[in-house]
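K.L.:
As structure tokens, then:
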């Protein structure tokens with residue numbers, strides 16, 4: 021199964037994503053340069069972290085105009101799985117594939133640390149390996165990871181169970197002390213209404229090797245693989261062009 | 003614009019701006035002595051023009067030529083079985099780590115720019131050292147930094163050594179904080195964006211660094227042997243490419259600026275500080291590495307200090323060739339730049355590439371892919387000249403080899419300060435400091451005071467702003483003795499640390515230099531690594547002052563002796579002199595960055611206790627060297643020596659024993675005793691990021707064979723708790739392994755003492771028949787939140803894990 025890892029100028033977690041995905045049996049990841057225009061050969065798309073275009077103007081604001089983004093948007097609309105981590109999440113928001121926005125951390129400082137997140141929704145293509153309430157240890161590293169959405173959007177996100185991960189303490193409590201960046205309602209990751217586009221600020225790519233402190237991130241990639249396999253089986257074999 | 007002068011006046015450039023005449027005054031303004039000017043005339047066989055004067059000025063500055071320090075640097079050991087590229091040969095030294103893999107690493111200072119403009123000064127320091135590494139064909143894997151600032155907490159202390167500085171006004175504290183936070187943000191800005199983790203380092207605060215902070219940045223990269231790239235212009239007729247950012251007027255003659263003292267007027271030198279763009283450097287980095295993998299490059303050199311000037315003449319000199327470039331073809335940020343400005347600009351994110359003839363299209367294709375400017379600006383020639391054309395005219399023409407290699411070398415006068423001469427009586431054995439004569443203070447409070455001291459306190463406020471997890475290799479994160487990094491594609495585990503106790507060096511530079519090397523090696527040993535090699539950053543004052551030069555010489559000799567003993571050659575580094583502000587000279591700081599190799603993942607060890615019930619052992623002796631200690635400085639306001647001495651043979655014996663215990667799988671944690679002594683080291687061992695531990699220890703030796711007890715009890719209690727004697731490592735071991743551990747130490751003839759065990763929620767220490775108890779949560783809060791409180795407000799504190 022082939023995952024595309026998009027390389028924007030300034031992406032710096034592209035190699036980490038490739039290493040993490042290729043570390044999972046059954047998965048194979050390849051770089052796709054941002055000047056490319058098609059993602060036809062890939063089963064899923066990953067937008068890695070980093071500082072695409074130096075984060076100039078606004079995080080993700082320029083990257084969304086990269087040629088490859090047309091393909092990302094159209095494939096996402098067609099139902100392909102799209103994962104955006106950190107800067108990738110910011111780009112997905114800028115591209116309108118996910119609601120809300122990511123603004124400066126409340127501390128106004130970059131923050132790099134290991135955090136605990138709680139799985140809020142089990143039945144998503146990205147987390148179905150985890151039951152609701154599962155705690156995942158994932159590293160964060162961002163200056164602009166404070167998720168914000170207007171009250172109406174927030175209501176919708178909650179109503180349609182699109183909030184997939186929230187920052188929690190080690191006991192799984194969603195408390196202000198566990199919020200590393202001031203995100204509204206401790207939101208760490210959300211999916212779109214169709215549930216095939218998932219953005220999160222934490223780095224699953226940096227949590228795919230227990231030696232680095234956690235291997236919880238690998239669960240996300242594995243879930244994606246299982247979803248695609250299940251969809252394929254349902255569609256009655258053949259190449260997986262779409263996932264519903 | 004004032005460029006309306008008619009064309010008839012055209013000098014060497016096309017814009018009609020006449021170059022000033024070369025007068026003795028102008029020569030002096032360029033930091034060149036009359037003798038040096040004579041030498042220039044001899045090399046050229048004529049008077050230099052203004053542009054050439056500028057070229058000589060930067061190339062013969064201390065920053066580029068090491069003219070005052072080179073003779074001393076020659077004393078450092080530079081060879082070893084693992085050394086692939088020696089110090090001084092290239093931009094960075096290269097060391098073999100086996101299986102076809104090598105590492106390139108180097109440390110460099112950006113002190114002066116950071117003093118004037120902390121954010122950009124520090125940021126471009128990071129950018130510069132990263133370029134030095136990928137110039138070698140290595141992929142940069144991680145950075146460390148070693149920083150020194152004036153105090154950031156407002157306690158007023160009258161240090162006898164600094165009588166003229168007396169009371170600190172609020173403004174100095176505020177300035178120090180501004181410099182500190184600015185430098186930290188600058189490092190974070192550049193390192194985080196380019197995606198190279200900053201995984202460790204050290205930070206000290208001391209009055210001597212007021213107005214002249216030290217910002218030393220280290221970078222390490224990994225490469226295959228066959229990828230090694232050279233900075234030589236080889237192959238007559240090969241095309242010379244300029245790649246990277248356009249040249250602007252920033253950082254004009256920064257190397258010259260860095261080679262003089264900081265004064266009140268230095269603020270006006272802000273144009274000498276460059277402005278960095280980590281995004282551009284990321285593109286440049288990827289494009290260069292992609293190109294180097296294509297066998298299209300004959301030589302490559304970054305444009306750092308002295309920019310285009312240094313890169314062209316150095317590559318020509320190394321290649322034994324000449325080089326000819328045309329400034330009209332150089333990509334420029336603004337019109338109207340003179341040859342002088344183009345050649346001396348230190349605009350960032352630029353490289354010079356000597357391509358193989360016929361491979362021009364490969365170069366263009368790759369830089370086009372990454373949208374990085376790229377221009378063919380000249381050729382390699384065979385006449386040994388660095389020839390700079392500007393359209394039709396010749397702007398400069400200088401023999402390359404003499405320019406780079408015939409800078410004058412000086413041996414400056416060296417004279418020890420009076421105080422040191424006093425300690426050195428009686429055959430070098432220092433006179434003792436009598437702790438009994440110190441005013442009585444509360445030792446219970448003293449430990450808390452030490453843990454709150456920003457030099458000792460946790461640096462989490464800083465390292466949480468650095469991305470230390472990108473590139474997914476950081477196994478031991480910042481906070482332990484040494485950072486440990488796993489290079490996945492090479493399957494190698496590296497450990498790295500930077501160390502220097504500036505106070506020891508101020509009191510006795512030779513011993514301080516030795517101690518810096520010993521501590522760096524000890525930190526690596528504690529993490530389970532075998533030390534490999536060293537890069538050093540020598541931060542000293544104006545070398546024309548005999549006392550400063552004496553410090554430099556002594557420190558270098560101390561470092562040389564220790565590096566020989568440890569078998570860790572110096573692979574290069576950086577010399578930063580003129581570290582003086584109107585307030586005085588900095589404490590001499592020969593920063594040692596040391597890299598080691600860990601053979602097996604199972605040997606990776608951290609400093610924190612792991613389980614209740616584990617036995618705590620001190621490898622080494624309790625010691626009694628209170629001189630130069632943080633205890634004297636922080637609790638008594640005295641910067642007094644003599645500092646502790648390292649017995650290198652003894653040190654190596656202890657380190658080898660501890661490393662072998664680690665390899666045997668007997669050690670759960672290992673931590674070296676440094677600033678703040680044994681009491682601080684024990685407290686730090688308790689601060690496991692996953693869970694706080696308590697301990698119950700007895701320093702009077704009740705756990706050890708009788709005999710020692712008597713001796714310890716006669717000691718001064720603060721000396722027992724806080725002395726900074728060298729060669730001490732606190733280890734913990736499972737109770738089941740205790741006997742085996744002790745018998746190995748005995749076999750090795752290593753002095754040791756069983757101190758007690760892990761457990762409870764207090765730090766309980768019995769010393770000199772007195773029992774001290776501190777709730778571990780209080781100590782942790784002091785240590786963890788001290789810097790945050792100093793910078794934000796008194797009530798700011800971060801949650802404490804597992805309490």
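Residue numbers (the numbering used here), protein chains in the order written: chain A, 21 to 264; chain B, 3 to 805. Cβ atoms here follow ideal geometry from the backbone N, Cα and C, with glycine treated the same way.
Looking at chain A, is there any beta carbon in it that lies within less than 8 Å of the beta carbon of residue 75(B)?
P.N.:
For residue 75(B), the answer is no, since every Cβ of chain A falls outside 8 Å of its Cβ.
K.L.:
Could you give the residue range of the beta strand (DSSP E) that holds residue 673(B)?
P.N.:
671-674 is the span of the beta strand (DSSP E), which, as asked, contains residue 673(B).
K.L.:
Candidates 726(B), 538(B) and 718(B): which alpha carbon is nearest residue 630(B)'s?
P.N.:
Looking at the Cα atoms, 726(B) is the closest of the given residues.
K.L.:
If I measure Cβ to Cβ from residue 173(A) and keep anything under 7 Å in the same chain, skipping five residues before and after, which residues do I get?
P.N.:
So the list reads 119 and 120, once near-sequence residues are dropped.
K.L.:
How many angstroms separate the CA atom of residue 372(B) from the CA atom of residue 286(B)?
P.N.:
Looking at the two C-alpha atoms, the distance is approximately 8 Å.
K.L.:
Could you tell me the alpha carbon to alpha carbon distance between residue 769(B) and residue 530(B), rounded to whole angstroms?
P.N.:
C-alpha separation (whole angstroms): 30 Å.
K.L.:
So the candidates are 436(B), 99(B) and 318(B); which of them puts its Cα closest to the Cα of residue 407(B)?
P.N.:
The option with the nearest alpha carbon to residue 407(B) is 318(B).
K.L.:
Kindly list the residues whose CB is nearer than 6 Å to the CB of residue 569(B), restricted to its own chain and excluding five residues on each side of it in sequence; keep chain order.
P.N.:
Around residue 569(B): no qualifying Cβ.
K.L.:
Can you list the residues of chain B that residue 133(A) reaches, using a CB-CB cut of under 8 Å?
P.N.:
What residue 133(A) touches in chain B: 466.
K.L.:
Run through chain A and tell me which residues come within less than 7 Å of residue 373(B), C-beta to C-beta.
P.N.:
Going along chain A in sequence order, the residues near residue 373(B) (Cβ under 7 Å) are 29.
K.L.:
For a contact meaning CB atoms closer than 7 Å, what does residue 144(B) contact in chain A?
P.N.:
In chain order: nothing, as chain A lies at least about 13 Å away.
K.L.:
Taking 7 Å as the line, does the beta carbon of residue 85(A) fall inside it for any heavy atom of the ligand MN?
P.N.:
With respect to the ligand MN, the structure shown offers nothing to examine, as it has no ligands at all.
K.L.:
Would you kindly work out how many angstroms separate the C-alpha atoms of residue 110(A) and residue 112(B), rounded to a whole number?
P.N.:
So the two alpha carbons sit approximately 33 Å from each other.
K.L.:
Between which two residues does the beta strand (DSSP E) carrying residue 187(A) extend?
P.N.:
First-last of the beta strand (DSSP E) with residue 187(A): 183-188.
K.L.:
With a cut-off of 8 Å, does the C-beta of residue 39(A) fall near any C-beta of chain B?
P.N.:
Output row for residue 39(A): interface = yes.
K.L.:
Whole angstroms are fine: how far does the CA of residue 249(A) sit from the CA of residue 340(A)?
P.N.:
It is not possible to answer for residue 340(A), since the shown part of chain A is limited to 21 through 264.
K.L.:
What residues from chain B crowd round residue 130(A), counting only those whose CB sits closer than 9 Å?
P.N.:
Here the neighbours are 187, 190, 191, 194, 466, 467, 468 and 469.
K.L.:
Could you have a look at residue 51(A) and say whether DSSP puts it in helix, strand or coil?
P.N.:
Residue state, collapsed to three classes: strand.
K.L.:
Can you confirm whether residue 472(B), when its beta carbon is compared against all beta carbons of chain A, has any partner nearer than 8 Å?
P.N.:
Closer than 8 Å to some Cβ of chain A, the Cβ of residue 472(B) qualifies, so yes.
K.L.:
Residue 146(B) and residue 527(B) - do their beta-carbons sit closer together than 8 Å?
P.N.:
No. Outside cutoff.
K.L.:
Using the Cα positions of residue 116(A) and residue 289(B), report the straight-line distance between them to the nearest angstrom.
P.N.:
Rounded to whole angstroms, residue 116(A) to residue 289(B) spans 31 Å at the Cα level.
K.L.:
Exposed or buried, what is residue 68(A) when buried is set at 16 or more other beta-carbons lying within 10 Å of its beta-carbon?
P.N.:
Buried: at least 16 other Cβ atoms inside 10 Å.
K.L.:
By how many angstroms is the C-alpha of residue 449(B) removed from the C-alpha of residue 343(B)?
P.N.:
In a straight line, the C-alpha of residue 343(B) is about 55 Å away from that of residue 449(B).
K.L.:
In chain A, which residues lie with their C-beta within 8 Å of the C-beta of residue 476(B)?
P.N.:
Those are 232, listed as they occur along chain A.
K.L.:
Whole-angstrom Cβ separation of residue 131(A) and residue 466(B), contact assumed at under 8 Å?
P.N.:
Correct: roughly 6 Å between the Cβ atoms.
K.L.:
Measure the alpha-carbon distance for residue 506(B) versus residue 628(B) and round it to whole angstroms.
P.N.:
Rounded to whole angstroms, residue 506(B) to residue 628(B) spans 11 Å at the Cα level.
K.L.:
Which two residues bound the contiguous alpha helix (DSSP H) that contains residue 340(B)?
P.N.:
Looking at the DSSP string, residue 340(B) is not in any alpha helix (DSSP H), and its letter there is neither H nor E.
K.L.:
Residues in the same chain with beta-carbon distance under 6 Å from residue 683(B), minus the five sequence neighbours each way, listed in chain order, please.
P.N.:
Cβ within range, chain order: 673, 675 and 732.
K.L.:
Using the beta-carbon of each residue, which ones in chain B are nearer than 8 Å to residue 33(A)?
P.N.:
By Cβ distance, chain B contributes 197 and 472.
K.L.:
Quick check: the region 508-528 of chain B against the region 77-90 of chain B, are there 3 or more CB pairs under 8 Å?
P.N.:
These segments do not touch.
K.L.:
When the distance is taken between beta carbons, is residue 545(B) closer than 8 Å to residue 70(B)?
P.N.:
A contact, by the Cβ cut-off of 8 Å.
K.L.:
Residue range of the alpha helix (DSSP H) that residue 634(B) falls in?
P.N.:
It is not in any alpha helix (DSSP H) - residue 634(B) carries neither H nor E in the DSSP assignment.
K.L.:
Any Cβ of chain A within less than 8 Å of the Cβ of residue 292(B)?
P.N.:
Not an interface residue.
K.L.:
Taking 8 Å as the threshold (C-beta atoms), are residue 22(A) and residue 149(A) in contact?
P.N.:
Result no, Cβ atoms of residue 149(A) and residue 22(A) do not sit closer than 8 Å.
K.L.:
Could you name the residues of the same chain whose beta carbon sits closer than 8 Å to that of residue 604(B), not counting the 5 residues immediately before and after it, in chain order?
P.N.:
So the qualifying residues of the chain are 667.
K.L.:
Which same chain residues end up closer than 6 Å to residue 30(A) when comparing Cβ atoms and leaving out the 5 residues on each side of it in sequence?
P.N.:
So the list reads 70, 71, 72, 73 and 74, once near-sequence residues are dropped.
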